[in-house]
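Trainee:
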Amino acid sequence: DGGITQSPKYLFRKEGQNVTLSCEQNLNHDAMYWYRQDPGQGLRLIYYSQIVNDFQKGDIAEGYSVSREKKESFPLTVTSAQKNPTAFYLCASSLRTTHNEQFFGPGTRLTVL
Amino acid sequence: AQTVTQSQPEMSVQEAETVTLSCTYDTSENNYYLFWYKQPPSRQMILVIRQEAYKQQNATENRFSVNFQKAAKSFSLKISDSQLGDTAMYFCAFQNNNAGNMLTFGGGTRLMVKP
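From first to last, the protein sequence lines stand for chains A and B.
1 is the number of the first residue of the first sequence in this note's numbering; add one for each residue after it.
1001 is the number of the first residue of the second sequence in this note's numbering; add one for each residue after it.
(1) Determine, using beta-carbon pairs with one atom in the stretch 1010-1019 of chain B and one in the stretch 1104-1115 of chain B, whether at least three such pairs fall under 8 angstroms.
(2) For A:G16, count neighbouring C-beta atoms within 10 Å of its own C-beta (all shown protein chains included) and say buried if the count is 16 or more, exposed if not.
(3) Count Cβ pairs between the stretch 24-32 of chain A and the stretch 58-76 of chain A that sit closer than 8 angstroms; are there 3 or more?
(4) Is B:M1112 close to chain A, meaning its C-beta is less than 8 angstroms from at least one C-beta of that chain?
(5) Alpha carbon to alpha carbon, how far is B:G1085 from A:N53? Give it in angstroms, no decimals.
(6) Using a Cβ-Cβ cutoff of less than 8 angstroms, which residues in the same chain neighbour B:N1101 once the five nearest sequence positions on both sides are dropped?
(7) What span of residues does the beta strand (DSSP E) with B:S1012 cover, start to end?
(8) Any C-beta of chain B sitting closer than 8 angstroms to the C-beta of A:E101?
(9) How long is the line joining the alpha carbons of A:T5 and B:F1091, rounded to whole angstroms?
(10) Once you ignore the five residues that flank B:T1027 on each side, which residues in its own chain have a CB closer than 6 angstroms to its CB?
(11) I want to verify the contact list: residues of chain B whose CB lies under 7 angstroms from the CB of A:Y48, in sequence order.
(12) Between B:I1079 and B:V1066, which are expected to be in contact by the criterion C-beta below 8 angstroms, what is the C-beta distance as a whole number of angstroms?
(13) Going by the beta-carbon positions, is the gap between A:F55 and A:Y64 smaller than 8 angstroms?
(14) Let me confirm a value: B:A1093 is counted as buried when at least 16 other C-beta atoms fall within 10 Å, else exposed. Which label applies?
(15) Considering just the uninterrupted stretch of the beta strand (DSSP E) at A:F74, what are its terminal residues?
Below is the structure:
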């Protein structure tokens, strides 16, 4: 079945450590996105990529980094520079053209201990 | 920059009744799209309905319909014959045609359907 997978579902990190969240899609979508969701709040865009080997910062990119070496994959690294990384992280993908629905993965819950 | 506001943090409705969730947005753009997404307790985001700004006719998907008022920049979601499975967070989202495919989300409304 086509879809988006994110792993792991739950992730625990010690302060000062970098951690990488995985996002893979087999929908043949060009565009991919990373969002952060805090309790009781909406989604905020961290990074997005419209094509392989290209990506742009979203509204809250500080303390995060991404890569887009393959069309199917868009991993997100939460660095030690991110001051408050505990949150729910959602990955999404879509066709590049506008008005197209974004399809979301199941999310990763990151907790910093 | 666009902003999306959902003024009702929480709402409840009796099963089989109708409920309307509010959403307003602020933009200087003329061509855009609006979406309602549902996030059930599983936290999987699911598209409920979409509306193209250039269309005057309100979108409808089974029990879900919107009231799109472009001049007022309002985009409310009406759920008819509410079901227990409609219990979820609902997010309104704005997409600017001139800014790729990025979405700006509202803060969400938590809907509880009561038996």
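Backbone N, C-alpha and C define an ideal beta-carbon position, used for all residues, glycine too.
Mentor: The short version:
(1) yes
(2) exposed
(3) The answer is yes - the stretch 58-76 of chain A touches the stretch 24-32 of chain A, with three or more Cβ pairs under 8 angstroms.
(4) no
(5) 40 angstroms
(6) Q1095
(7) E1010 to Q1014
(8) Residue contact check for A:E101 against chain B: a CB pair falls below 8 angstroms.
(9) Each residue's Cα considered, the two are about 22 angstroms apart.
(10) Q1002
(11) M1102
(12) The pair is not a contact, with the Cβ atoms about 11 angstroms apart (cut-off 8 angstroms).
(13) no
(14) Per the 10 Å Cβ criterion, buried.
(15) A:F74 -> no beta strand (DSSP E), and no H or E assigned at all.
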